[in-house]
Amino acid sequence: MPRIIPPENLGCPPIRALTFDSLGLIKVTEARGKERGTPTVVNTWGEMNASRTVLAASIDDRLRNPLLAVARKDGNVEILNPCNGDLHFAYSVYGDDGCSPEDNEISALHLFRKKIDDQAERSCTLLTCTKKGDVSLRSVKFPDAHSDSTDDSSPKTWKACGSGEILVGKVDGSENFSVFGGRRVEATIWDLEQCTKIWSAKSPPKDNLGIFTPTWFTSATFLSKDDHRKFVTGTKSHQVRLYDISTQRRPVLSFDFRETAITSIAEDPDGHTIYVGNASADLASFDIRTGKLLGSFLGKCSGSIRSVVRHPQHQVIASCGLDRYLRVYDVKTRQLISAVFLKQHLTGLVFDSGFTGEETAVANTVAEAETEEIMEQEDDETEKVPVKRKKSKKEKRSREIDFEDKDDEENEDGTEKAPVKTKKSRKEKRSRENVPEAEEKDELRSKKSREHKKITKKVKHNQEEY
Numbered sequence: 001m002p003r004i005i006p007p008e009n010l011g012c013p014p015i016r017a018l019t020f021d022s023l024g025l026i027k028v029t030e031a032r033g034k035e036r037g038t039p040t041v042v043n044t045w046g047e048m049n050a051s052r053t054v055l056a057a058s059i060d061d062r063l064r065n066p067l068l069a070v071a072r073k074d075g076n077v078e079i080l081n082p083c084n085g086d087l088h089f090a091y092s093v094y095g096d097d098g099c100s101p102e103d104n105e106i107s108a109l110h111l112f113r114k115k116i117d118d119q120a121e122r123s124c125t126l127l128t129c130t131k132k133g134d135v136s137l138r139s140v141k142f143p144d145a146h147s148d149s150t151d152d153s154s155p156k157t158w159k160a161c162g163s164g165e166i167l168v169g170k171v172d173g174s175e176n177f178s179v180f181g182g183r184r185v186e187a188t189i190w191d192l193e194q195c196t197k198i199w200s201a202k203s204p205p206k207d208n209l210g211i212f213t214p215t216w217f218t219s220a221t222f223l224s225k226d227d228h229r230k231f232v233t234g235t236k237s238h239q240v241r242l243y244d245i246s247t248q249r250r251p252v253l254s255f256d257f258r259e260t261a262i263t264s265i266a267e268d269p270d271g272h273t274i275y276v277g278n279a280s281a282d283l284a285s286f287d288i289r290t291g292k293l294l295g296s297f298l299g300k301c302s303g304s305i306r307s308v309v310r311h312p313q314h315q316v317i318a319s320c321g322l323d324r325y326l327r328v329y330d331v332k333t334r335q336l337i338s339a340v341f342l343k344q345h346l347t348g349l350v351f352d353s354g355f356t357g358e359e360t361a362v363a364n365t366v367a368e369a370e371t372e373e374i375m376e377q378e379d380d381e382t383e384k385v386p387v388k389r390k391k392s393k394k395e396k397r398s399r400e401i402d403f404e405d406k407d408d409e410e411n412e413d414g415t416e417k418a419p420v421k422t423k424k425s426r427k428e429k430r431s432r433e434n435v436p437e438a439e440e441k442d443e444l445r446s447k448k449s450r451e452h453k454k455i456t457k458k459v460k461h462n463q464e465e466y
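Residue numbering for the sequence shown is 1 to 466, as defined by full-length UniProt numbering.
Next comes the structure, spelled out in structure tokens:
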């Protein structure tokens with residue numbers, strides 16, 4: 001039986017999603033109001049430039065001074081205000097070493113969350129990692145939005161790999177540990193405070209045919225915010241692997257999903273459900289405890305999925321990819337709630353969990369009230385202005401009769417009667433205009449009759465002579 005959405009579940013809850021594309025644009029999509037509605041694009045930040053493609057993004061959606069970090073293809077990292085898109089601070093991860101951004105692009109970015117007192121300056125800490133394994137941990141302070149920002153201290157740097165390419169980097173919920181992995185690089189766990197490696201995975205054994213699968217991680221996520229020991233990875237060989245660093249170095253559980261590379265994995269707050277997207281636009285949910293497929297999400301897209309994000313408060317997930325659509329799904333029914341076309345190839349998205357939609361709803365109600373007042377004022381003005389209506393023939397005739405009666409009364413009093421111009425009918429006008437024409441026609445007829453008589457006389461005379 002097909003899954004059916006009840007009418008009360010139609011529409012999207014109040015959400016705010018920021019999407020990033022291959023031309024460097026940041027687009028803000030909102031579903032406004034307390035009730036369920038349709039997401040629409042409300043803002044677009046930046047200019048179209050292929051060299052400024054957004055490769056990674058991270059958000060700190062705190063209520064006071066929220067921040068958004070964006071890593072671009074040219075090696076620049078920007079810290080923005082996610083509410084209006086204002087730039088706070090920007091720097092390059094390459095510095096003066098002369099390294100080309102094309103050979104060593106940023107593959108991982110994380111913006112740390114920190115509690116800020118009312119009297120403290122605004123600050124943030126950023127973790128970046130490039131494909132060659134250059135990890136940097138940098139702190140930035142910006143006391144005022146209009147003043148120049150400065151680095152708090154020299155950044156901490158280390159190498160996450162000796163060879164290969166780092167393609168995956170993820171920080172756990174406690175922000176004390178991180179996992180890195182990639183092409184020909186096994187998954188490793190690092191202590192961010194000590195900047196040391198505390199665990200490294202071991203490649204799986206050969207299969208039954210003796211074929212060894214090369215290491216190629218494409219995505220990763222931690223299962224729980226409080227536990228950094230369990231994490232899930234996706235590979236180029238369409239495998240999903242569960243690791244537990246407290247038990248063994250090899251995967252505790254692994255299973256295949258379709259036949260294309262796993263491109264994105266997102267965790268659920270329950271700690272045992274994951275959402276997996278691949279390069280053939282398949283999106284499904286799994287119970288990672290058993291590896292059981294819970295179900296596939298309906299509304300299949302037509303391009304590779306690049307990012308899957310679970311909303312921390314509402315029961316929805318969002319995905320985006322190369323088909324240029326932002327799709328929002330219901331977690332329980334796995335139905336497509338809404339799809340927004342965003343014109344460019346999308347590279348990632350984040351949710352702003354601080355958005356409630358109440359302020360915009362209030363603003364909308366105020367605007368509607370103002371428009372209603374303006375409409376009422378216009379209606380009152382139209383009622384006050386006299387409207388000129390066309391008089392009927394009867395009214396005109398009655399007025400003429402009244403004027404004639406008045407003229408008769410004046411003549412009886414001894415005053416001279418003014419000549420009244422009567423309106424002539426159309427037939428009279430035509431008859432007068434056609435008088436000379438009729439006379440000319442009569443003359444022509446008389447001439448013709450005379451000539452005809454002469455001709456007949458001649459003919460008779462000729463016949464008699466013959």
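Don't be surprised by glycine CBs; every beta carbon is placed ideally from N, CA and C.
Checklist entry - Cβ atoms of K170 and A220: under 8 Å apart, would you say? => result In contact: A220 and K170 (Cβ atoms closer than 8 Å).
Checklist entry - Can S353 and D323 be called in contact, C-beta distance under 8 Å? => result no
Checklist entry - Any idea if A69 is buried or exposed, counting beta-carbon neighbours within 10 angstroms, 16 or more meaning buried? => result buried
Item to check | Contact belief for W45 with I59 at Cβ below 8 Å, rounded distance in angstroms | outcome: Not quite, the Cβ-Cβ distance comes to about 14 Å (not below 8 Å), so this is no contact.
Next on the checklist: I need the straight-line Cα distance from S254 to P204, nearest angstrom please.
Outcome noted: 10 Å
Checklist entry - Exposed or buried, L209, counting other C-beta atoms within 10 Å across all chains shown (16 or more means buried)? => result exposed
Item to check | I198 burial status per 10 Å Cβ neighbour count (16 or more: buried) | outcome: Looking at its Cβ environment, which holds fewer than 16 other Cβ atoms inside 10 Å, I198 is exposed.
Checklist entry - At what residue ranges does the segment 215-246 contain a whole run of the beta strand (DSSP E), taking only runs of 3 or more? => result 217-222, 230-235 and 239-244
Checklist entry - Just the Cα atoms here: how many angstroms apart are V276 and V309? => result V276 and V309 have their C-alpha atoms roughly 10 Å apart.
Checklist entry - How should R16 be labelled, buried or exposed, when 16 other C-beta atoms within 10 angstroms of its C-beta is the threshold for buried? => result buried
Checklist entry - Identify the residues that DSSP records as bridge partners of V331: which are they? => result Paired residue(s): none; V331 is not in a bridge.
Next on the checklist: Using DSSP's beta-bridge definition, name the partner residues of C83.
Outcome noted: In DSSP, C83 forms no bridge with anything.
Checklist entry - If you drop the 5 nearest sequence neighbours on each side, which residues of the same chain put their C-beta closer than 7 Å to that of G164? => result G182, R183, R184 and V185
Checklist entry - CA-CA distance, T196 and W190? => result 6 Å
Item to check | C-alpha distance - residue 483 paired with Y325, whole-angstrom precision | outcome: Examination of residue 483 is not possible in this model, given that the chain is present from 1 through 466 alone.
Checklist entry - Can you tell me the Cα-Cα spacing of V28 and F212, whole angstroms? => result 44 Å
Next on the checklist: Contact defined as beta carbons within less than 8 Å: I believe D287 pairs with L294. What is the distance between those atoms, to the nearest angstrom?
Outcome noted: 6 Å
Next on the checklist: Helix, strand or coil for residue 491? Go by DSSP, reduced to three states.
Outcome noted: Because the chain here runs from 1 to 466, residue 491 falls outside it and cannot be looked at.
Checklist entry - Among all the DSSP beta bridges, which residues are the ones paired with F355? => result Answer is none; F355 lacks a bridge partner.
Checklist entry - Roughly how many whole angstroms lie between the Cα atoms of S280 and T235? => result 14 Å
Next on the checklist: Alpha carbons only, please: which of V316, G321 and F257 is nearest the one belonging to K292?
Outcome noted: If we check each option's Cα against that of K292, F257 comes out closest.
Checklist entry - Identify the residues that DSSP records as bridge partners of Y91: which are they? => result V77
Item to check | Proximity winner among D21, H238 and L126, relative to P214 (alpha-carbon distances) | outcome: H238
Checklist entry - How many angstroms separate the CA atom of V366 from the CA atom of A160? => result Confidence in V366 is poor, its pLDDT being 40 and thus under 50, which makes the residue's placement too unreliable to answer from.
Item to check | Contact belief for V93 with T40 at Cβ below 8 Å, rounded distance in angstroms | outcome: Contact doesn't hold; Cβ gap of about 35 Å is too wide.
Checklist entry - Out of curiosity, what's the CA-to-CA distance linking F177 and V328? => result 30 Å
Checklist entry - How many Å lie between F112 and F355 at the Cα? => result 20 Å
Checklist entry - With respect to the beta strand (DSSP E) encompassing H110, which residues constitute its N-terminal and C-terminal limits? => result It spans I106 to L111 - the beta strand (DSSP E) in which H110 sits, taken as one unbroken run.
Next on the checklist: Using only the alpha-carbon positions, how far apart do N49 and G24 sit?
Outcome noted: 6 Å
Item to check | For F20, the first and last residue of its enclosing beta strand (DSSP E) | outcome: R16 to D21
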